[in-house]
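Working notes for the structure below.
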Amino acid sequence: MGRQLTIAILAITVVALLHSTAAQQTHVVGDKFGWLVPPGGAYAYEAWAETQTFAVGDILVFNFTNGDQDVARVTKEAFKTCNSTNPLTLKTTSPANFTLDTIGEYYFIGTKDKRCELGQKLAINVTAEHGSPTPSPAPKSSPAPRGAVTYVVGDHFGWIVPPGGELAYATWAYGKTFYVGDTLEFNFTTGEQDVARVTKEAFESCNTTNATVQTAGPAYFKLETVGQYYFIGTKDKRCELGQKLAINVTANPGPNPSPSVPAPAPTPRGPVTYTVGDKLGWIVPGSGYAYATWAYGKTFIVGDTLVFNFANDTQDVAVVTKSAYENCTTNNTIAVYSKSPVSILLNTSGEHFFTSTYDRHCVLGQKLAINVTASSTATSPSGSVAPSSPTTSTGGPGSAPAPFSSAPSTIGSGHFTFVLISMAAFFFY
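Those letters in the sequence shown? Residues -23 to -1, 1 to 406, per mature numbering (1 follows the signal peptide of the UniProt record, and there is no 0), in order.
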């Protein structure tokens, strides 16, 4: 009897251990992208975290280049201010593993110069162990109906091989709601790029064998059915380098209802002074998306002021044409300012373009494009340059984030297999 009870207890213990092991997951931060200064700023890792479920016992793995990056676990306050003075934990050797051993919020940043300010930061929320019962979520309110929208993929960056890999377009799609009836517009240079809608398997493997390709830019795809859509560039290695986009399309809740009462006019405001890049200042950023990210969501009106802060004799700021901005040419600038801080009054509506004349600074991402509206009563969907499409939108809350091709992997159970074999030998020796 005692021997049978011992066997039962040990069997239950093994089952419990195996259940715990199977439930544990390893999350590779940023997937193939890794841990670095991301394109799109902090939105990149926010988008990645939205695709994950973190539970007690899981492991975070940060992959980075030793000497160039590091990772620190910090407090919420240090995370918000990018303060790396007293980290809870600092790891300088890749891969850096963190076990999530308690429920609650975890905050991670890169402590190298300006890395955190440029978006190398991650905040996650850890719940109870996988498989633990969770309370039923409160019912979500139905999204507001709207008309069809044309989304310009990548906004004014267009459809290119993005800096930082495929997370760039996942970041762009993050937070947008794609409905049946919407249209995607892919802007690219004919002959240099193309775009193909493919299957999920072809998307994940970058297989272009049976793809239907559109070779002339701009290319338009109308979203006609509910479900996942996958797009890649088929030119040599473009897909592998990150020219790929995955989105989820849902049903439109209905047409826009006719308003019975006119919407109130936006509240006027006085002039605002914007410090370009905020604490980052005006430098060569860690990615070409940094200043577009800064401008995103801001409304610039006539009378506002831009302030560019930089180190004298190492940077400058040039006002240029759209063509010069796109080609990073500084032969015929409108104006050049070399003494920091530079204050530029936005005295006309329309598009405004800024770069640096220092060698390759513009090419490396030191460039800013904004759209200025006539007055504070005008509406502007974002602070970035308005894309050339009939209707654009940044989407709304409640959308499904873009799916990722890699899922969290499960920790191997080799150790517990060894335990099982050892116990079997013990009982049947």
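Heads up, the beta-carbon is just placed ideally off N, CA and C, and yes, glycines get one too. Quick caveat: nothing in here was measured; it's all calculated off a predicted structure.
In the three-state DSSP reduction, residue 155 falls in the strand class (E or B). Straight across, the Cα-Cα distance linking residue 61 with residue 102 is about 21 Å. With respect to residue 144, residue 19 sits apart: the two C-beta atoms are not nearer than 9 Å. In this structure residue 8 is buried. Its beta-carbon is surrounded by 16 or more other beta-carbon atoms within 10 angstroms. Straight across, the Cα-Cα distance linking residue 199 with residue 70 is about 46 Å. In the structure shown, residue 212 falls within a coil segment according to DSSP collapsed to helix, strand and coil. Residue 283: member of the beta strand (DSSP E) spanning 282 to 285, first to last residue. Around the beta-carbon of residue 164, 16 or more other beta-carbon atoms lie within 10 Å, marking it buried.
In the DSSP assignment, residue 199 falls outside any alpha helix (DSSP H) and within the unbroken beta strand (DSSP E) covering 196 to 199. Counting C-beta pairs with one atom in each stretch, the stretch 212 to 226 and the stretch 189 to 196 have fewer than three that are closer than 8 Å, which means they do not touch. Classified as exposed, residue 65 has fewer than 16 neighbouring CB atoms from the shown chains inside 10 Å of its CB.
For residue 300, there is no enclosing beta strand (DSSP E); the residue is part of the alpha helix (DSSP H) that begins and ends at 299 to 304. Listed as beta-bridge partners of residue 43 by DSSP are 46. The C-alpha of residue 305 is placed about 15 Å away from the C-alpha of residue 260. Here residue 327 is bridged, per DSSP, to 349. DSSP places residue 275 in no beta strand (DSSP E); its state is neither H nor E. In this structure, the CA atom of residue 230 is about 18 Å from the CA atom of residue 224. Sixteen is the threshold: since fewer than 16 other Cβ atoms of the shown chains lie within 10 Å of the Cβ of residue 177, the residue is exposed. For residue 56, the closest alpha carbon among the candidates 36, 33 and 98 is that of 98. Pairing residue 293 with residue 320 gives a Cβ-Cβ distance that is not under 9 Å. Within its own chain, the residues whose Cβ lies closer than 7 Å to the Cβ of residue 11, once the five positions on either side in sequence are excluded, are 40 and 41, listed in chain order. Between the beta-carbon of residue 331 and that of residue 345 there is about 5 Å, and that keeps the pair under the 8 Å contact cut. Contact annotation: residue 196 and residue 175 have beta-carbon atoms that are not nearer than 9 Å.
Setting aside the 5 residues that flank it on each side, residue 333 is surrounded in the same chain by 292, 293, 294, 295, 339 and 343, each with a C-beta closer than 7 Å to its C-beta; the list follows chain order. For residue 57, the three-state secondary structure derived from DSSP is helix. Ranking 184, 206 and 226 by CA distance to the CA of residue 214 puts 184 first. Residue 268 carries a helical assignment under DSSP once its states are collapsed to helix, strand and coil. If you compare the alpha carbons of 248, 300, 287 and 289 with that of residue 277, the shortest gap goes to 248. Burial is judged here by how many other beta carbons sit within 10 angstroms of a residue's own beta carbon; residue 168 has fewer than 16 and is exposed.
Around the CB of residue 80, fewer than 16 other CB atoms lie within 10 Å, so the residue is classed as exposed. Around the beta carbon of residue 147, 16 or more other beta carbons lie within 10 angstroms, which makes this residue buried.
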